[in-house]
DNA sequence: CGGATTTTGGACTTGCAGGTCCATTTTTGC
DNA sequence: GCAAAAATGGACCTGCAAGTCCAAAATCCG
């Protein structure tokens, strides 16, 4: 069932996904027609349905996966190396920088809303992203606990959950306000709080 | 310019907004057709465009405003009386209870995504909601500072921003996971953090 | 009451975006 | 080089949902 894809085919498919993703990031999910994707990627309708037999649904799913992966990739290598306080701050910087650059254009917010309900797959993609993200944070906290930089009494899972939620909310508010104030406040206060745990221990 | 609205007209308009809001909450913005609203509210197409000359756009805007107001109303009277630690906990309980009941159905998430980009008004509604919400939290923190329950060194605005972001993210994650874990973690840890500030002071 | 205005119902129009189809060209593997 | 398979282009179809229009009923107000 794994359809045979020529090298050329593979390239075209990737070009479609990347182009659609860019278009969606720029103008929002429901403003992007299949024809826009065609124009923007230099492809024909035949190609779209050749590579995505399920039509827009399938394409959107592929785009969502692409964007989800990108979110984590953009945080590397910091996210996987939360092994010292400077490393945490570097991660903080990267996050803010990334989202400041992204501004009001959120790829996943719309995708979740659009495909979230009808496609069971979209939900899974977002859930998977959050799960991987939170796990990385948990790993970071655990590591800091192993070195004594964070008190062992701290509940790593719970703290990571709160931090992740804060980040998501911070980004959400960035979409409304256009400012990174909330995101910065969350990161600073939460990380400070983790730090304070070392003294309390 | 304020169009003349009979008592009956006023009632019909309200019925349309409330019905549309319910429908949207249940099935999502882009799954709801004007005909669904008509069927669900017992109105005709003529009525819809009579009360909302701008069509779906205007209706969605009215629904968004309706839902935004509801969000804050649902937190009263707790939100306006964050004057003691038990009061804060009561607010916490109300929030979790409310969102647990709401579950995966988020009215504003979709509305923001749908109308957010094209309608400048939708953005304003969400921004206004967040602003009022955050202000209420700031007032709570300030009051607690005036009674010495929170250290005066705490930056009320910054803390409120972080808390609000955490709540938003917690709700967002509730939409993905179906669990209130993140929301609870954020509330508990953030409020604890504010509390700790009293001792540090 | 009675004329003006608002409210209501529903048939009709319209545009458009997703999806289908097939003919043509290119690539693949032997 | 040549058949089979994959890639491409684009004309065409179709359904649907938003929006238009007007005529009939209800309501308001002097």
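Protein chains in written order, with this note's numbering: chain A, 1 to 201; chain B, 1001 to 1201. No residue lacks a Cβ here, since even glycine has one placed at the ideal position from N, Cα and C. Keep in mind it's a predicted model, so treat the numbers as computed, not measured.
- Message: Using only CA atoms, which one of B:1178, B:1161, B:1171 and B:1175 lies nearest to residue 1194 of chain B?
- Response: Residue 1194 of chain B sits at position 194 when you count from the first residue of the second chain. Comparing Cα positions, the closest option is B:1161.
- Task: Compute the beta-carbon to beta-carbon distance between residue 1203 of chain B and residue 1168 of chain B, rounded to the nearest angstrom, for a pair I have assumed lies under 8 Å.
- Result: The structure shown does not extend to residue 1203 of chain B, since chain B is modelled only from 1001 to 1201, so the question has no answer here.
- Query: Taking 9 Å as the CB-CB cut-off, is residue 1060 of chain B touching chain A?
  - Reply: For the purposes of this step, residue 1060 of chain B is taken as residue 60 along the second chain, with counting starting at 1. Not closer than 9 Å to any Cβ of chain A, the Cβ of residue 1060 of chain B fails to qualify, so no.
- Message: Taking the beta carbon of residue 131 of chain A as the centre, do at least 16 other beta carbons fall within 10 Å, making it buried, or is it exposed?
- Response: The residue given as residue 131 of chain A occupies position 131 in the first chain. Around the beta-carbon of residue 131 of chain A, fewer than 16 other beta-carbon atoms lie within 10 Å, marking it exposed.
- Query: Any idea what DSSP makes of residue 1078 of chain B, helix, strand or coil?
  - Reply: Within the second chain, numbered from 1, the residue matching residue 1078 of chain B stands at position 78. In the three-state reduction of the DSSP assignment, residue 1078 of chain B falls in the coil class.
- Message: So for residue 146 of chain A, helix, strand or coil by DSSP?
- Response: Along the first chain, one-based indexing puts residue 146 of chain A at 146. In this structure, residue 146 of chain A counts as helix in the three-state DSSP scheme.
- Following the continuous alpha helix (DSSP H) through residue 1083 of chain B, name the residue where it begins and the one where it ends. Here residue 1083 of chain B corresponds to residue number 83 of the second chain, with the count starting at 1. From DSSP, residue 1083 of chain B is part of no alpha helix (DSSP H); its letter is neither H nor E.
- Query: Are any of the Cβ atoms in chain A nearer than 9 Å to that of residue 1071 of chain B?
  - Reply: If you number the second chain from 1, residue 1071 of chain B lands on position 71. When Cβ-Cβ separations below 9 Å define contact, residue 1071 of chain B makes no contact with chain A.
- Does the Cβ of residue 140 of chain A have 16 or more other Cβ atoms within 10 Å, making it buried, or fewer, making it exposed? As a working mapping, residue 140 of chain A is identified with position 140 in the first chain. Buried.
- With burial defined as no fewer than 16 other Cβ atoms inside 10 Å of the residue's Cβ, what is the status of residue 17 of chain A: buried or exposed? Position 17 of the first chain, counted from the start, is the residue given in the question as residue 17 of chain A. Residue 17 of chain A is buried by the Cβ-count criterion.
- Task: Going by CA-CA distance only, name the one from A:152, A:107, A:10 and A:54 that's closest to residue 69 of chain A.
- Result: Residue 69 of chain A sits at position 69 when you count from the first residue of the first chain. Among A:152, A:107, A:10 and A:54, the Cα nearest to that of residue 69 of chain A is on A:107.
- Residues of chain A with a CB under 8 Å from the CB of residue 1195 of chain B: which are they? Reading the second chain from its first residue, position 195 is the one you call residue 1195 of chain B. Ordered by position in chain A, no residue passes the 8 Å Cβ test against residue 1195 of chain B, which lies about 12 Å from the chain.
- Enumerate in chain order the residues of its own chain whose CB-to-CB distance from residue 1037 of chain B is below 8 Å, with the five nearest sequence positions on each side excluded. Translated into positions along the second chain, residue 1037 of chain B becomes position 37. Counting only Cβ-Cβ distances below 8 Å, and skipping sequence neighbours, we find 1016, 1019, 1020, 1023, 1043, 1048 and 1059.
- Hey, quick one: how far does the alpha helix (DSSP H) through residue 36 of chain A stretch, first residue to last? The residue you call residue 36 of chain A lines up with position 36 of the first chain. Residues 34-41.
- Task: Kindly give me the distance between the Cβ atoms of residue 51 of chain A and residue 183 of chain A, rounded to whole angstroms, as I take these residues to be in contact under 8 Å.
- Result: Taking the first chain and counting its residues from 1, one reaches residue 51 of chain A at position 51. Taking the first chain and counting its residues from 1, one reaches residue 183 of chain A at position 183. Rounded, the Cβ-Cβ distance is 36 Å, inconsistent with contact.
- Query: Which chain A residues are close to residue 1158 of chain B, counting only those with a beta carbon under 9 Å from its beta carbon?
  - Reply: Reading the second chain from its first residue, position 158 is the one you call residue 1158 of chain B. Proximity of chain A to residue 1158 of chain B at the Cβ level (cut-off 9 Å) is accounted for by 181, 184, 185, 188 and 189, in chain order.
- Comparing the C-beta of residue 144 of chain A with each C-beta of chain B, is any distance below 9 Å? What you label residue 144 of chain A is simply residue 144 of the first chain in a count that begins at 1. Judged by the 9 Å Cβ criterion, residue 144 of chain A is not in contact with chain B.
- Task: Just mark residue 1067 of chain B as buried or exposed, buried being the case when its beta carbon has 16 or more other beta carbons within 10 Å.
- Result: Within the second chain, the letter at position 67 stands for residue 1067 of chain B. Note on residue 1067 of chain B: 16 or more other CB atoms within 10 angstroms of its CB, so buried under the neighbour-count rule.
- Along the chain, where does the alpha helix (DSSP H) that runs through residue 1061 of chain B open and close? Numbered from its first residue, the second chain carries residue 1061 of chain B at position 61. Residue 1061 of chain B -> alpha helix (DSSP H) spans 1056-1073.
- Task: Figure out for me which residue from A:123, A:95, A:120 and A:165 has the closest Cα to the Cα of residue 204 of chain A.
- Result: Nothing can be reported for residue 204 of chain A, as the shown portion of chain A is limited to 1 through 201.
- Task: With 8 Å as the C-beta to C-beta threshold (strictly closer), list the residues of the region 19-34 of chain A near chain B in chain order.
- Result: Under the 8 Å Cβ criterion, the region 19-34 of chain A contributes 27, 28, 29, 30 and 31.
- Task: For chain B, find out if any of its Cβ atoms is closer than 9 Å to the Cβ of residue 167 of chain A; answer yes or no.
- Result: Stepping through the first chain from its first residue, residue 167 of chain A is reached at position 167. Closer than 9 Å to some Cβ of chain B, the Cβ of residue 167 of chain A qualifies, so yes.
- Answer yes or no: do residue 177 of chain A and residue 1176 of chain B have a C-beta to C-beta separation smaller than 9 Å? Here residue 177 of chain A corresponds to residue number 177 of the first chain, with the count starting at 1. Here residue 1176 of chain B corresponds to residue number 176 of the second chain, with the count starting at 1. No, they are not a contact pair.
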